[in-house]
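Protein chains: 4
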Amino acid sequence: MIKVGIIGSTGYAGQELVRILLGHKDVEIVWYGSRSYIDKKYSEVYGNMFNIVDDKCMDDNMEELAEKVDVIFTATPQGLCASLVNEDILSKVKIVDLSADFRIKDVATYEQWYGIEHKSPEFIDEAVYGLCEINREDIKKARLIANPGCYTTCSILSMYPLVREKMIDVNTIIIDAKSGTSGAGRGAKVANLYCEVNESIKAYGVTSHRHTPEIEEQLGYAYEGSPLLLNFTPHLVPMNRGILVTAYANLNKDYSYEEIKAVYEKYYADEKFIRLLEKGVCPETRWVEGSNYVDINFAVDPRTKRVVVMGAIDNLVKGAAGQAVQNMNLIMGLPETEGLLMPPMFP
Amino acid sequence: MIKVGIIGSTGYAGQELVRILLGHKDVEIVWYGSRSYIDKKYSEVYGNMFNIVDDKCMDDNMEELAEKVDVIFTATPQGLCASLVNEDILSKVKIVDLSADFRIKDVATYEQWYGIEHKSPEFIDEAVYGLCEINREDIKKARLIANPGCYTTCSILSMYPLVREKMIDVNTIIIDAKSGTSGAGRGAKVANLYCEVNESIKAYGVTSHRHTPEIEEQLGYAYEGSPLLLNFTPHLVPMNRGILVTAYANLNKDYSYEEIKAVYEKYYADEKFIRLLEKGVCPETRWVEGSNYVDINFAVDPRTKRVVVMGAIDNLVKGAAGQAVQNMNLIMGLPETEGLLMPPMFP
Amino acid sequence: MIKVGIIGSTGYAGQELVRILLGHKDVEIVWYGSRSYIDKKYSEVYGNMFNIVDDKCMDDNMEELAEKVDVIFTATPQGLCASLVNEDILSKVKIVDLSADFRIKDVATYEQWYGIEHKSPEFIDEAVYGLCEINREDIKKARLIANPGCYTTCSILSMYPLVREKMIDVNTIIIDAKSGTSGAGRGAKVANLYCEVNESIKAYGVTSHRHTPEIEEQLGYAYEGSPLLLNFTPHLVPMNRGILVTAYANLNKDYSYEEIKAVYEKYYADEKFIRLLEKGVCPETRWVEGSNYVDINFAVDPRTKRVVVMGAIDNLVKGAAGQAVQNMNLIMGLPETEGLLMPPMFP
Amino acid sequence: MIKVGIIGSTGYAGQELVRILLGHKDVEIVWYGSRSYIDKKYSEVYGNMFNIVDDKCMDDNMEELAEKVDVIFTATPQGLCASLVNEDILSKVKIVDLSADFRIKDVATYEQWYGIEHKSPEFIDEAVYGLCEINREDIKKARLIANPGCYTTCSILSMYPLVREKMIDVNTIIIDAKSGTSGAGRGAKVANLYCEVNESIKAYGVTSHRHTPEIEEQLGYAYEGSPLLLNFTPHLVPMNRGILVTAYANLNKDYSYEEIKAVYEKYYADEKFIRLLEKGVCPETRWVEGSNYVDINFAVDPRTKRVVVMGAIDNLVKGAAGQAVQNMNLIMGLPETEGLLMPPMFP
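So, in structure tokens, the structure goes:
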């Protein structure tokens, strides 16, 4: 049995980690960390876990935890993981960090977009960006995984083949993303109250959302390392889960649907968690809810010579906890899909 | 491997059966029946099953099916199972009928409340009412299971200990139930359109809903077979899944919370799928979503000398497909919880 | 022009008052009180009012306000109005209090259910319970109106004719009520976050909700002043607005639908805001949204000899702000329906 | 009193017309047309109108109607208005057509995108595109108004100043639009059932939605009549009402926020129904619900040299019925805002 601890287990992503790991046959959760609810029973914080999880919430003592577990997940606000990690800890356990601390290679970029000082820049280089479908081999060898952001996962996987194969003008990429409200977290804010979110849609963080540089950096790597700039606009949608990305770019020549499909298949045909939909079928978040799937499709517009790519994920699964478990499977030498093959739940 | 066939696999309950059975390690689904979608790929009807289920939809030929499978699930409108079943079929396979055809022992009562003629009343007697927590031993020996209705499951399990132990005046029972919209089925009706259901709540079938006699009959059995009459009022709630029952009855004497709790524990303490909540905690449907759990609690009102009992289930799981699998496990000699231990999914 | 001030204008009920009064041809709002947002533009707190209301939020100085306006609305937490009001103020202005401070005639009952000391019990006697359909003539002469609670309004109006005419056993009344989430207010609480309320239903305050004694007191007056006890259970529904009450009681004899309907018509046939639906039509909250209507209907159950009464209102309109304006119209000598005839908005 | 008739009064847009016109002091509705519900009481089709509208539904006899009313609204499927209208009718009444029949000047384009033959192309030339803020003077003189589409209204008004003033490269316009579900109509389709729409978001009609040529044509007129091509992608959002448009375009030079704002003010500062939000405030559909307002704002991205424009409307009001009334006011010589000044309703 692999022993794991979760620092930040009472956020939505942390709780989803718990749900998924409870169904993972090789894993035992031994530490439910939560600074806000120390000593409170986990099942009082999340009633779905009543009679399932009997543990109480623990603090975020990473040093102590490193003695007890094989893998630590940090599902905490930006800055916490970077402030806790050190060489001693990393010599003992693997860490999958669900925050943004180790996603961006350039410290200045991180500090600019996140507005905080990075407390352990010395580990940024060795951290591996945990997008399994792209960095699988590096992940297997890593001690420290930077688990990608939810918007980022959906955006990058949707656009990766087109960028990698240089089929589009990378300076024309526009990503219009829509997220369910669990992405906003469980903090008590007026803006996230039921009556404020329900029956409304809005954009936010326009031209300034923190996932923008993360998408740019990763797509840049796919583009032979050349930097690229794009527009990313997130929207808040009145639903619990799900991210839909609608992305636009100018095609470099008159590609047919089939030519582009072939390129997607080149990269994704063997990927268990990526589903390339049939021609004409648009991804819908309801079809991936509760699962680790990414549904992708696209349309070619011969009038404007653009491609419109659509991708759908469950933000809490492939966009957070599921991907974290996928990373754990890889670094621990387990089958990559272990514990992740639950079909999407509908309705 | 147990081979199963599903007649009516494209309704919401049928699809939920598919979802649950795909995660059941001892079961293989070999027949996806659907009169409405014959020859269409199942995954075109339910996009969540894309790349998971490759089968096409089949007709509802129960005779042919009986040759191929060990268990048949019928998740079809009232009357269909009764019109298809016969002794030859029952000699070959077990049947779990999710419709109401074999739930009510008195044919006249069935025909009056459902307004249709019963086509095979000769099997009513042998059919076992598949409420596992109450009829477990009979279920194990049955060929034909009448899987309980969704409202019924939640109502009966909530009230059973009080009735069985004669702690309440059974002539004062009032059951006010609230259901998510998946209970209304996938038929294309104006009344079930998004804009009609959203942002509204209504009662329906007031004093006339078909689950009323089913609840009365089963609670009557618990009450030493004496008939009883009650009020049952269902409501439609703008959410996908979930049933909440709020039930009222006059207490026969001044019982304390603890005395009543002891009786619930007597019947349910060892029941894996029934969770008796801590004092003061009200059941909420979000905490059981996607799972086979029944969450139960109650409050005693010393002012009115009534007990208010609350029960919550996922109507598609414990109220339909999950309970059907629980019944299948029992009749096939498998562990009762096999394939049913997924934690509730939240949010 | 009647000048009005609103203390507590930035809660949901306060904002609904603003919306309704903006459409009232005889009223000018001159004071947008809000302790939490003093000096902030009202339209920054409620974006719907951008370019419509240019005022900034003011404090809750009732003495100053009394010099400036004809009517003060207090849409504030329990206790505030009672702590501010005095004879001098009441000699200058009319007050419509949307809190519970003056609803309950017995101070001890108030202090017990609300858990706070009443700061001006000397005004309780003269305060008139502002349920216009029942206390119309007294309201016209009042200085201080206790605007009824949302659940209370719907519950009382649904049951009043039956109680008044002694058609039911008043000791058997059970009121099961369901409310949209705006009733929970705009405070930042985890329990009211979108993801916590969405896709769920729960009861709360079971046997202990504060509207219970208010309903009992008012129905008691209808019952010749005899005290009565009942069960009231509120539920939280994932929708913004609306209250549905489903109430049960034993009929004192075998009344027909038509006999009962005649009694409802006796009391309500001329009431502009009460709509007695056609036989067989159940009230639905969607049909009253945004309006001051109360939709009422009932079913007789000959099996159990009970009547099931259903009532639907918009909790923010007839359950709060609309009724407050109706009261204002009455005390100021305006037509009772002025500013309140907007049709319900659907969908 | 202006007498009006509505052909197609039982769709969502038709019913919203009824709601708005009931509050219009100069209008009397004398004809509630509805082919599907002939002879049924209007209030049985829309329960919100119980005790408010007593009329029964009528057929769609435009000739008879032309004798009885001053203005006819057609809120019907594409093709119907074009098949009914003739010179005799137009000589007697004004027509505001909410369908697409007269929106597109080029018949071939209409027939290609809509897939039906145009039955009265002879009236296309005289029909005036009823976007009041842009074509006000022509509307006042018209007999036949082509009331704009919902997506179109929001898209054009959001982009008009930028196109008209040539601040953007019109070949880079991308419009990503999100709509509430009332836009899908009241037809009984599985895809629009509550459980199918709820908790999901999807794009549809990608590269092929019929509002695309309408937007292109109108923006082309703003661009000195030069044709332009753009991408328009609609999405279905789980909410009743509201459209949010997020539009992208390359700026022709390094404009500041203030320079662009000045241009928006040039065109819209005096427009009662267009609200230019404060810098940094994103439009949200909740703030316009139930009203005729268009909320617009934008962000400049100095990194990519693009502008991101956002616009929000209520699809049933400014996107359909409200705009139709605004057009009626103009052609009948009434104040343009008559009956349309209701504040947005929240929550």
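Protein sequence lines, in the order shown, are assigned to chains A, B, C and D.
Throughout the first sequence, residue numbering follows my numbering, covering 967 to 1313 in sequence.
Throughout the second sequence, residue numbering follows my numbering, covering 967 to 1313 in sequence.
Throughout the third sequence, residue numbering follows my numbering, covering 967 to 1313 in sequence.
Throughout the fourth sequence, residue numbering follows my numbering, covering 967 to 1313 in sequence.
Even glycine gets a Cβ: it sits at the ideal position worked out from N, Cα and C.
Just so it is clear, the structure is predicted and the values come from calculations on it, not from any experiment.
Whole-number beta carbon distance between residue 1065(C) and residue 1213(C), since they are thought to touch under 8 Å: As a position in the third sequence, residue 1213(C) is number 247, starting the count at 1. As a position in the third sequence, residue 1065(C) is number 99, starting the count at 1. That pair is no contact at about 25 Å.
Closest Cα partner of residue 1057(B) within the set 1032(B), 1002(B), 1073(B): As a first step, residue 1057(B) must be located in the second sequence, where it is residue number 91. Taking the Cα of residue 1057(B) as reference, the smallest distance to any Cα among 1032(B), 1002(B), 1073(B) is reached at 1032(B).
Continuous beta strand (DSSP E) stretch holding residue 1263(A): start and end: Along the first sequence, read from residue 1 onward, the residue named residue 1263(A) stands at position 297. Taken as a continuous stretch (DSSP letters only), the beta strand (DSSP E) holding residue 1263(A) covers 1260 to 1267.
Straight-line gap, residue 1130(D) to residue 1105(D) (C-alpha atoms, nearest Å): Translated into positions along the fourth sequence, residue 1130(D) becomes position 164. Translated into positions along the fourth sequence, residue 1105(D) becomes position 139. So the two alpha carbons sit approximately 20 Å from each other.
Integer-rounded CB distance, given that residue 1070(D) should sit under 8 Å from residue 1190(D): Indexing the fourth sequence from 1 puts residue 1190(D) at position 224. Indexing the fourth sequence from 1 puts residue 1070(D) at position 104. So it is not a contact: roughly 19 Å between Cβ atoms.
Proximal residues to residue 1076(C) (C-beta, below 7 Å), its chain only, five neighbours per side dropped: Counting from one through the third sequence, the residue named residue 1076(C) turns up at place 110. Here the set comprises 1070, 1084.
N- and C-terminal bounds of the alpha helix (DSSP H) containing residue 1294(C): Translated into positions along the third sequence, residue 1294(C) becomes position 328. Unbroken alpha helix (DSSP H) run through residue 1294(C): 1288 to 1297.
Exposed unless 16 or more other CB atoms sit within 10 angstroms - verdict on residue 1289(D): Within the fourth sequence, residue 1289(D) is the residue found at index 323, counting from 1. Looking at its Cβ environment, which holds 16 or more other Cβ atoms inside 10 Å, residue 1289(D) is buried.
Euclidean distance between Cα positions of residue 994(A) and residue 1150(B): One-based indexing of the first sequence puts residue 994(A) at position 28. One-based indexing of the second sequence puts residue 1150(B) at position 184. Taking the straight line from one Cα to the other gives about 39 Å.
Distance between residue 1126(D) and residue 982(A) (C-alpha atoms, nearest Å): Indexing the first sequence from 1 puts residue 982(A) at position 16. Indexing the fourth sequence from 1 puts residue 1126(D) at position 160. Spanning the two alpha carbons is a distance of roughly 45 Å.
Contact check, residue 1267(C) vs residue 1197(B), beta carbons under 8 Å: On the third sequence, residue 1267(C) is found 301 positions in, with the first residue counted as 1. On the second sequence, residue 1197(B) is found 231 positions in, with the first residue counted as 1. Closer than 8 Å, so yes.
C-beta neighbour in chain D for residue 929(B), strict 8 Å: The first residue shown for chain B is 967 and the last is 1313, placing residue 929(B) beyond what the model contains.
Alpha-carbon to alpha-carbon, residue 1000(B) and residue 1219(C): Position 253 of the third sequence, counted from the first residue, corresponds to residue 1219(C). Position 34 of the second sequence, counted from the first residue, corresponds to residue 1000(B). The straight-line gap from Cα to Cα measures roughly 50 Å.
Rounded Cβ spacing between residue 1017(C) and residue 1207(D) (contact assumed at less than 8 Å): Within the third sequence, residue 1017(C) is the residue found at index 51, counting from 1. Within the fourth sequence, residue 1207(D) is the residue found at index 241, counting from 1. Not really, about 20 Å apart at Cβ, beyond 8 Å.
Close-in-space but distant-in-sequence residues of the same chain around residue 1103(D) (CB under 8 Å, 5 per side omitted): Within the fourth sequence, numbered from 1, the residue matching residue 1103(D) stands at position 137. None.
Length at least 4, wholly inside the stretch 1179 to 1235 of chain B: the alpha helix (DSSP H) runs in chain order: Taken in chain order, the whole alpha helix (DSSP H) runs of length 4 or more contained in the stretch 1179 to 1235 of chain B are 1223 to 1234.
Residue 1254(D) and residue 1203(A) closer than 8 Å at C-beta: Position 288 of the fourth sequence, counting from 1, holds the residue named residue 1254(D). Position 237 of the first sequence, counting from 1, holds the residue named residue 1203(A). Not closer than 8 Å, so no.
Cβ pair residue 997(C), residue 1015(C) closer than 8 Å: In the third sequence, the residue the question calls residue 997(C) occupies position 31. In the third sequence, the residue the question calls residue 1015(C) occupies position 49. No, the Cβ-Cβ distance between residue 997(C) and residue 1015(C) is not below 8 Å.
Cβ of residue 1126(B) within 8 Å of any chain C Cβ: Working through the second sequence from its first residue, we reach residue 1126(B) at position 160. No - not a single Cβ of chain C is within 8 Å of the one on residue 1126(B).
CA-to-CA distance, residue 1029(B) to residue 1051(B), given in whole angstroms: Counting from one through the second sequence, the residue named residue 1051(B) turns up at place 85. Counting from one through the second sequence, the residue named residue 1029(B) turns up at place 63. The alpha-carbon atoms of residue 1051(B) and residue 1029(B) are separated by roughly 8 Å.
Assigned secondary structure, residue 1167(C) (DSSP; H/G/I helix, E/B strand, else coil): What you label residue 1167(C) is simply residue 201 of the third sequence in a count that begins at 1. The answer is coil: DSSP assigns residue 1167(C) none of H, G, I, E or B.
Listed by chain order, chain G residues near residue 1165(D) by CB distance under 7 Å: The structure shown contains no chain G; its protein chains are A, B, C and D.
Check whether residue 1054(A) and residue 970(A) have beta carbons under 8 Å apart: Mapped onto the first sequence, residue 1054(A) falls at position 88. Mapped onto the first sequence, residue 970(A) falls at position 4. Taking C-beta atoms as the reference points, residue 1054(A) and residue 970(A) fail to come closer than 8 Å.
Residue 1135(D) to residue 1279(D) span [Cα, whole Å]: Here residue 1135(D) refers to the residue found at position 169 of the fourth sequence. Here residue 1279(D) refers to the residue found at position 313 of the fourth sequence. Between the alpha carbons of residue 1135(D) and residue 1279(D) lies a gap of roughly 25 Å.
Distance between residue 1216(A) and residue 1222(A) (C-alpha atoms, nearest Å): The residue you call residue 1222(A) lines up with position 256 of the first sequence. The residue you call residue 1216(A) lines up with position 250 of the first sequence. One C-alpha to the other measures close to 13 Å.
8 Å Cβ cutoff met for residue 1172(A) and residue 1199(A): As a position in the first sequence, residue 1172(A) is number 206, starting the count at 1. As a position in the first sequence, residue 1199(A) is number 233, starting the count at 1. It is a contact, given that the beta carbons lie within the stated cut-off.
Paired residues, beta bridge with residue 1024(B) - DSSP: For this step, residue 1024(B) is matched to residue 58 along the second sequence. According to DSSP, which records beta bridges pairwise, residue 1024(B) is partnered with 999(B).
Option in 1248(C), 1080(C), 1133(C) with minimal Cα separation from residue 1262(C): Position 296 of the third sequence holds residue 1262(C). Of the listed residues, the one whose Cα sits closest to residue 1262(C) is 1248(C).
As assigned by DSSP and simplified to three states, the class of residue 1055(D): Mapped onto the fourth sequence, residue 1055(D) falls at position 89. In this structure, residue 1055(D) counts as helix in the three-state DSSP scheme.
Any C-beta of chain D under 8 Å from that of residue 1152(B): Residue mapping note: residue 1152(B) aligns to position 186 of the second sequence, counting from 1. So, interface residue.
CA-to-CA distance, residue 1257(B) to residue 1284(B), given in whole angstroms: Mapped onto the second sequence, residue 1284(B) falls at position 318. Mapped onto the second sequence, residue 1257(B) falls at position 291. Those two C-alpha atoms are separated by around 7 Å.
Closest by C-alpha distance to residue 1097(D), when choosing among 1162(D), 1201(D), 1292(D), 1089(D): Within the fourth sequence, numbered from 1, the residue matching residue 1097(D) stands at position 131. Checked all of 1162(D), 1201(D), 1292(D), 1089(D); the closest Cα to residue 1097(D) is 1292(D).
Chain-ordered chain A contacts of residue 1158(C) [CB-CB under 7 Å]: Looking up residue 1158(C) in the third sequence gives position 192. 1159, 1160, listed in chain order.
Neighbour list for residue 1107(A) in chain C, Cβ cutoff strictly below 7 Å: Working through the first sequence from its first residue, we reach residue 1107(A) at position 141. Per Cβ cutoff of 7 Å: no residues; residue 1107(A) is ~37 Å from chain C at best.
Cross-strand partners of residue 1095(A) (DSSP beta bridge): Taking the first sequence and counting its residues from 1, one reaches residue 1095(A) at position 129. Paired residue(s): 1112(A).
Residue span of the beta strand (DSSP E) that contains residue 1277(A), given as start and end: Taking the first residue of the first sequence as 1, we reach residue 1277(A) at position 311. First-last of the beta strand (DSSP E) with residue 1277(A): 1272 to 1279.
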